[in-house]
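A short worksheet on the structure shown next.
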Amino acid sequence: MSGVASRRRGVGFSLDPLRDRWESAPGWARWVVYLLLIVGALLLPSQGIGSFMAPGESDWPTMLSDQIGIYVLLGLGLNVVVGMAGLLDLGYVAFYAVGGYTIAIFATKYHWSFWETLILAILTASLAGVLLGAPTLRLRGDYLAIVTLGFGEIVRVTANNLDYVNGPRGVQGIPHPPSLSEWTVAGTDIQPFKYGLLDSRPYYYLLVFLIVLAIIFVKRLEMSRVGRAWASIREDEDAAELMGVPTFKFKLAAFAIGAAIGGSGGVVFAAKQTSINPGSFTFMVSALVLAGVVLGGSGNIPGVIVGAFLLAWLPERFRGLSDYRMLIFGLALVAMMIFRPEGLWPSRQRKAELAEGTGGMGSMGAEVAGPGTAAEVTK
Amino acid sequence: MLLEINDIHVHYGKIAALKGISVEVDEGEIVTLIGANGAGKTTTLKTVSGLRPLSSGSIRFAGADISKMPGHKRVLAGIGQSPEGRGVFPGMTVEENLLMGAYARRGDFSQELAEVYELFPRLAERKSQAGGTMSGGEQQMLAIGRALMAKPKVLLLDEPSMGLAPKLVQQIFSIIVEINRRGTTVLLVEQNASQALQIAHRAYVLETGRVVKSAPAADLLDDPQVRAAYLGGGADAQVGTDTPAGGPAADASPSVAREVSEEAPLVAAPETVEEDDTPSSS
Numbered sequence: 145m146s147g148v149a150s151r152r153r154g155v156g157f158s159l160d161p162l163r164d165r166w167e168s169a170p171g172w173a174r175w176v177v178y179l180l181l182i183v184g185a186l187l188l189p190s191q192g193i194g195s196f197m198a199p200g201e202s203d204w205p206t207m208l209s210d211q212i213g214i215y216v217l218l219g220l221g222l223n224v225v226v227g228m229a230g231l232l233d234l235g236y237v238a239f240y241a242v243g244g245y246t247i248a249i250f251a252t253k254y255h256w257s258f259w260e261t262l263i264l265a266i267l268t269a270s271l272a273g274v275l276l277g278a279p280t281l282r283l284r285g286d287y288l289a290i291v292t293l294g295f296g297e298i299v300r301v302t303a304n305n306l307d308y309v310n311g312p313r314g315v316q317g318i319p320h321p322p323s324l325s326e327w328t329v330a331g332t333d334i335q336p337f338k339y340g341l342l343d344s345r346p347y348y349y350l351l352v353f354l355i356v357l358a359i360i361f362v363k364r365l366e367m368s369r370v371g372r373a374w375a376s377i378r379e380d381e382d383a384a385e386l387m388g389v390p391t392f393k394f395k396l397a398a399f400a401i402g403a404a405i406g407g408s409g410g411v412v413f414a415a416k417q418t419s420i421n422p423g424s425f426t427f428m429v430s431a432l433v434l435a436g437v438v439l440g441g442s443g444n445i446p447g448v449i450v451g452a453f454l455l456a457w458l459p460e461r462f463r464g465l466s467d468y469r470m471l472i473f474g475l476a477l478v479a480m481m482i483f484r485p486e487g488l489w490p491s492r493q494r495k496a497e498l499a500e501g502t503g504g505m506g507s508m509g510a511e512v513a514g515p516g517t518a519a520e521v522t523k
Numbered sequence: 005m006l007l008e009i010n011d012i013h014v015h016y017g018k019i020a021a022l023k024g025i026s027v028e029v030d031e032g033e034i035v036t037l038i039g040a041n042g043a044g045k046t047t048t049l050k051t052v053s054g055l056r057p058l059s060s061g062s063i064r065f066a067g068a069d070i071s072k073m074p075g076h077k078r079v080l081a082g083i084g085q086s087p088e089g090r091g092v093f094p095g096m097t098v099e100e101n102l103l104m105g106a107y108a109r110r111g112d113f114s115q116e117l118a119e120v121y122e123l124f125p126r127l128a129e130r131k132s133q134a135g136g137t138m139s140g141g142e143q144q145m146l147a148i149g150r151a152l153m154a155k156p157k158v159l160l161l162d163e164p165s166m167g168l169a170p171k172l173v174q175q176i177f178s179i180i181v182e183i184n185r186r187g188t189t190v191l192l193v194e195q196n197a198s199q200a201l202q203i204a205h206r207a208y209v210l211e212t213g214r215v216v217k218s219a220p221a222a223d224l225l226d227d228p229q230v231r232a233a234y235l236g237g238g239a240d241a242q243v244g245t246d247t248p249a250g251g252p253a254a255d256a257s258p259s260v261a262r263e264v265s266e267e268a269p270l271v272a273a274p275e276t277v278e279e280d281d282t283p284s285s286s
């Protein structure tokens with residue numbers, strides 16, 4: 145067993161020097177980096193980058209807005225639940241669907257504006273999170289995963305059978321967001337605040353805005369008492385309760401906040417597509433977002449963004465390999481889990497948790513000497 | 005009475021783990037619950053700290069009925085626990101772990117922090133080390149120190165000697181006496197009955213969910229029945245347990261065997277036990 149551990153150490157590259165630099169960097173330097181990252185994100189849809197990222201017939205800005213941007217936003221939301229509070233949620237797509245169907249219903253039937261429905265969807269999605277969480281958060285680990293998996297399916301199947309939302313045909317004619325301004329970026333043809341049918345870039349910018357908002361919100365929570373409570377629940381739930389952390393309340397809050405972020409993703413998705421149907425909200429979405437979170441480094445925001453980005457982008461980028469791409473994709477995931485199980489870019493704390501062995505799921509049971517113990521002693 | 009446990013029954017599903025346990029702890033005492041595996045010692049502690057719900061009976065603490073109080077509120081009421089298996093937060097540093105202990109409280113904790121570091125100088129040396137990377141004994145110190153950060157009126161200790169080398173066990177027990185001397189009441193659950201009885205004022209013997217005996221600890225040390233069952237009394241008892249020494253048998257067999265086998269894994273035990281968890285739970 146120690147052989148495996150040392151091999152892991154041999155393969156993995158460490159980000160610790162980078163992290164030390166970052167932690168000792170002055171405040172202004174960090175803000176410069178943040179600003180550069182945002183500028184970089186805004187320049188991402190440009191032609192030059194697109195010709196590498198999406199050669200051939202696929203449209204890079206569309207890939208950014210329909211796949212990558214949405215997945216990164218969903219990844220950030222799921223990261224609150226899985227990465228920060230340590231609750232395995234396999235039905236995260238449900239909240240995405242709740243967001244999508246909220247705008248579908250209120251925009252087409254009651255003619256609410258995009259921004260009103262966005263707020264409403266955030267509220268309904270977090271309400272859905274509380275409704276799912278209240279009865280199920282007494283369960284732990286695998287049992288919670290199974291129940292959330294069921295919830296994801298219930299939402300989809302309900303939408304599929306509900307005549308009010310046209311069952312499997314879905315809802316059409318969802319309006320685009322109203323254009324905020326006709327302003328054109330000088331020297332280009334980009335109108336970043338005009339939401340139309342042809343240009344995907346404004347939706348991508350809208351997603352970038354929501355992503356930045358989500359990052360600020362989540363990061364502030366992480367550094368507060370709430371974040372400490374989540375970390376303690378993730379690492380050992382019973383011990384957290386013994387420290388005076390109201391574990392149930394904080395788990396519920398994690399569900400609600402994660403759901404709210406997922407719901408906002410659903411709204412943008414529906415407004416971009418102008419139509420949604422239950423087929424967009426399959427278990428595959430939950431699985432991919434979760435894979436992105438775990439692959440990137442669950443609990444660490446930059447890691448999650450990288451993971452979700454890769455997971456949304458790689459299968460699209462290698463469309464040329466047609467049917468084999470999913471196979472290669474699967475192999476890559478398996479290889480990752482063998483050689484770098486903590487993810488591409490894990491947080492230091494998360495890494496220490498995994499090294500300890502409980503994987504953050506907590507263990508209050510007695511430590512019983514197993515068959516491997518004797519062998520270890522002799523070494 | 006500071007803590008009164010009146011005839012509590014606790015079930016895991018349909019299985020009764022506690023079948024009517026009554027324990028009283030007076031202020032300033034060290035009270036110990038001893039018994040074999042499955043006797044209900046840990047369940048009793050978990051019920052007192054609110055991790056397990058009661059089926060019937062009641063728990064009164066400092067004059068108030070806390071039977072229905074959720075676990076996290078009992079911390080503020082004055083019940084601190086070092087859980088079985090230590091429950092150290094593996095990804096947090098030693099200092100972060102200790103500060104989690106004061107999570108329920110507001111204000112300045114520097115004094116309590118200094119006191120814990122004074123009790124456990126080892127922890128002060130390792131302030132910024134991750135909890136999960138420490139040895140078993142250090143984790144036990146951390147778990148006790150963390151519980152003290154909440155300034156509990158009563159400290160519940162669940163098997164502080166588990167998996168530790170005899171020398172460390174001695175050290176931990178002398179610290180428990182010191183904590184008690186400084187004014188914290190201690191309710192101690194132990195399989196290492198001889199050690200526990202030596203430092204406790206009073207003791208309860210638990211068997212299959214019931215209290216079968218309660219007496220001053222010193223009396224139990226001389227009680228022939230207790231000696232035979234839990235203290236590895238007569239010489240023949242020790243001879244009989246020579247063979248299963250070391251390895252997995254240590255935890256499954258009652259304390260008689262434990263007394264002997266405890267010496268076998270020695271220092272290696274705490275580390276390897278934790279590593280052994282890796283494949284099964286991650």
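Chains as they are written, first to last, in my numbering: chain Y, 145 to 523; chain W, 5 to 286. Ideal placement from N, C-alpha and C gives every residue a C-beta, glycine not left out.
Delimiting residues of the alpha helix (DSSP H) encompassing residue i
| i | result |
| --- | --- |
| Gly192 (chain Y) | 191-197 |
| Asn41 (chain W) | From DSSP, Asn41 (chain W) is part of no alpha helix (DSSP H); its letter is neither H nor E. |
| Lys18 (chain W) | Taken as a continuous stretch (DSSP letters only), Lys18 (chain W) belongs to no alpha helix (DSSP H), as it is neither H nor E. |
| Asp164 (chain Y) | 160-168 |
| Asp162 (chain W) | Run containing Asp162 (chain W): none in the alpha helix (DSSP H); it sits in the beta strand (DSSP E), 158-162. |
| Arg369 (chain Y) | 369-379 |
| Trp259 (chain Y) | 258-280 |
| Tyr347 (chain Y) | 345-366 |
| Glu182 (chain W) | 170-185 |
| Phe124 (chain W) | Counting along the chain, Phe124 (chain W) falls outside any alpha helix (DSSP H), and DSSP gives it neither H nor E. |
For residue i: DSSP bridge partner residues
| i | result |
| --- | --- |
| Arg206 (chain W) | W:Val35, W:Pro220 |
| Ala68 (chain W) | W:Phe65 |
| Ala134 (chain W) | W:Thr97 |
| Ser60 (chain W) | W:His13 |
| Leu22 (chain W) | W:Val14 |
Identity of the residue in the options nearest residue i by Cα
| i | options | result |
| --- | --- | --- |
| Val230 (chain W) | W:Pro156, W:Thr212, W:Ile19, W:Leu201 | W:Leu201 |
| Ala20 (chain W) | W:Arg186, W:Ala43, W:Gly32 | W:Ala43 |
| Ala207 (chain W) | W:Arg185, W:Ser71, W:Ser26 | W:Ser26 |
| Arg378 (chain Y) | Y:Gly227, Y:Leu181, Y:Pro336 | Y:Gly227 |
| Gly388 (chain Y) | Y:Ala397, Y:Leu275, Y:Leu357, Y:Arg372 | Y:Arg372 |
| Gly221 (chain Y) | Y:Ala384, Y:Pro459, Y:Ala400 | Y:Ala400 |
| Leu271 (chain Y) | Y:Ala397, Y:Asp203, Y:Tyr287 | Y:Ala397 |
| Leu351 (chain Y) | Y:Asp307, Y:Ile359, Y:Val412 | Y:Val412 |
| Gly402 (chain Y) | Y:Arg484, Y:Ser344, Y:Val274, Y:Glu201 | Y:Val274 |
| Arg369 (chain Y) | Y:Ile355, Y:Leu475, Y:Ala384 | Y:Ala384 |
| Gln143 (chain W) | W:Val181, W:Met96, W:Arg109 | W:Met96 |
| Val193 (chain W) | W:His15, W:Asp30, W:Ile12, W:Ile38 | W:Ile38 |
| Gly140 (chain W) | W:Pro170, W:Val120, W:Gly111 | W:Pro170 |
Close Cβ partners of residue i (< 7 Å) along its chain, the five nearest in sequence each way excluded
| i | result |
| --- | --- |
| Ile83 (chain W) | Val52, Ser53, Phe65, Pro156, Val158, Leu160 |
| Gly287 (chain W) | Because chain W in this structure spans residues 5 to 286, residue 287 (chain W) falls outside the shown range and cannot be described. |
| Pro94 (chain W) | Ala134, Gly135, Gly136 |
| Gln199 (chain W) | Ser165, Val173, Phe177 |
| Pro252 (chain W) | Annotation note: pLDDT 42 at Pro252 (chain W) (below 50); position unreliable, coordinate value reported separately. So no residue of the chain qualifies. |
| Leu283 (chain Y) | Val291 |
| Arg78 (chain W) | Ser53, Gly54, Ile70 |
Own chain residues within Cβ distance below 6 Å of residue i, not counting five before or after
| i | result |
| --- | --- |
| Gly17 (chain W) | none |
| Glu8 (chain W) | Glu28, Arg64 |
| Gly277 (chain Y) | Leu396, Phe399 |
N- and C-terminal bounds of the beta strand (DSSP E) containing residue i
| i | result |
| --- | --- |
| Gly84 (chain W) | 83-86 |
| Val389 (chain Y) | From DSSP, Val389 (chain Y) is part of no beta strand (DSSP E); its letter is neither H nor E. |
| Thr189 (chain W) | 189-194 |
Same chain only: Cβ atoms within 8 Å of residue i, ignoring 5 sequence neighbours per side
| i | result |
| --- | --- |
| Arg174 (chain Y) | Trp166 |
| Asp160 (chain Y) | Arg492 |
| Pro205 (chain Y) | Pro189, Gly194, Asp343, Ser344, Arg345, Tyr348 |
| Ser187 (chain W) | Note that residue 187 (chain W) is Gly in the sequence shown, not Ser. Correct list, in chain order: Gly32. |
Checklist entry - Counting pairs of Cβ atoms below 8 Å between the region 323-337 of chain Y and the region 266-273 of chain Y, do you hit three or more? => result Look at the beta carbons and you see the region 323-337 of chain Y not touching the region 266-273 of chain Y: under three pairs across the two are nearer than 8 Å.
Checklist entry - Touch check for the region 291-298 of chain Y and the region 231-248 of chain Y: three-plus C-beta pairs under 8 Å? => result The region 291-298 of chain Y vs the region 231-248 of chain Y: in contact.
Checklist entry - Quick check: the region 197-211 of chain Y against the region 242-256 of chain Y, are there 3 or more CB pairs under 8 Å? => result Verdict: no, contact absent.
Checklist entry - Between the region 441-451 of chain Y and the region 296-305 of chain Y, do at least 3 Cβ pairs fall closer than 8 Å? => result Taking 8 Å as the limit for Cβ pairs, the verdict is that the region 296-305 of chain Y does not touch the region 441-451 of chain Y.
Next on the checklist: If contact is defined by three or more beta carbon pairs under 8 Å, each pair taking one atom from either stretch, is the region 145-152 of chain W in contact with the region 85-101 of chain W?
Outcome noted: By the Cβ rule, the region 85-101 of chain W counts as touching the region 145-152 of chain W, because three or more pairs are nearer than 8 Å.
Next on the checklist: Contact between the region 414-430 of chain Y and the region 104-121 of chain W is defined here as three or more beta-carbon pairs at a separation below 8 Å; is this criterion met?
Outcome noted: Taking 8 Å as the limit for Cβ pairs, the verdict is that the region 104-121 of chain W does not touch the region 414-430 of chain Y.
Next on the checklist: For the region 307-319 of chain Y against the region 430-447 of chain Y, do three or more pairs of beta-carbon atoms, one drawn from each stretch, fall closer than 8 Å, so that the two count as touching?
Outcome noted: Touching, no, given that fewer than three Cβ pairs across the two stretches are closer than 8 Å.
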